[in-house]
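Engineer: The structure is given below, and queries will be raised subsequently.
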Amino acid sequence: DEPSMSCYAYREDPDRFVDIFNRTVEPVVGKCRLSTHLCFGNFKGHAVGYRRYAPMFPAFLNMRLDEIHVEMASREFAELELVTLIAQRRDVCVGIVDVKSYYIETVDDIVERVRRCVRLAPPDRLSFAPDCGLSQTARWAARQKLANMVAGVRAVREEL
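Below, the structure written as structure tokens:
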């Protein structure tokens, strides 16, 4: 989870971020499963950076890792087609729960979101999570969001 890459890639050289990332993880590449969360930050419930992934890709596909986690729920699933691009070379963890909102996603909401993703990438390349960490989300809301997320993902898995 390195928000500097995601928040500032639009105004910096994304290849430079990739180089820094790759040099940082070099000692553990091939020794563990590596994933990064392309975070837009969460300061008092608000994003910090420019909330678009386009400036990062295709450069970020050259990061030496197994999975890229993208925030989609808080951005109304803008750029969801990026899932297809990432899945051609990496696993994709899709953020399907908005941690910056007190709207509790229903199981049906989650099912619809997962189905959209499965239409864009092979299921074995996909995993699902909240957009970001739940540290600033009230515990009661976090628990219900997570319970509904798990139930919705399970429902779609049973369909496949």
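Numbering follows the numbering used here, with no gaps: position 98 of the sequence shown is 92. Ideal Cβ placement from N, Cα and C applies to all residues, glycine included.
With 16 as the cutoff for other CB atoms within 10 Å, does G146 come out buried or exposed?
Structural biologist: The residue in question, G146, is buried, as its Cβ has 16 or more Cβ neighbours within 10 Å.
Engineer: For a quick check, are the C-beta atoms of M66 and G89 less than 8 angstroms apart?
Structural biologist: Yes.
Engineer: I'd like the list of long-range same chain contacts for A115, defined as Cβ closer than 7 angstroms, with 5 residues on each side in sequence excluded.
Structural biologist: So the list reads V77, T78, A81 and V86, once near-sequence residues are dropped.
Engineer: In chain order, what residues of the same chain have a beta carbon less than 6 angstroms from the beta carbon of P8, not counting five sequence neighbours either side?
Structural biologist: Cβ neighbours of P8 beyond the five flanking positions: M50 and A53.
Engineer: State the start and end residues of the unbroken alpha helix (DSSP H) segment that holds P8.
Structural biologist: Segment P8 to V19, the alpha helix (DSSP H) holding P8.
Engineer: Please name the residue, chosen from P124, W134, L120 and K139, that lies closest to V150 on a Cα-to-Cα basis.
Structural biologist: Out of P124, W134, L120 and K139, L120 has the C-alpha closest to the C-alpha of V150.
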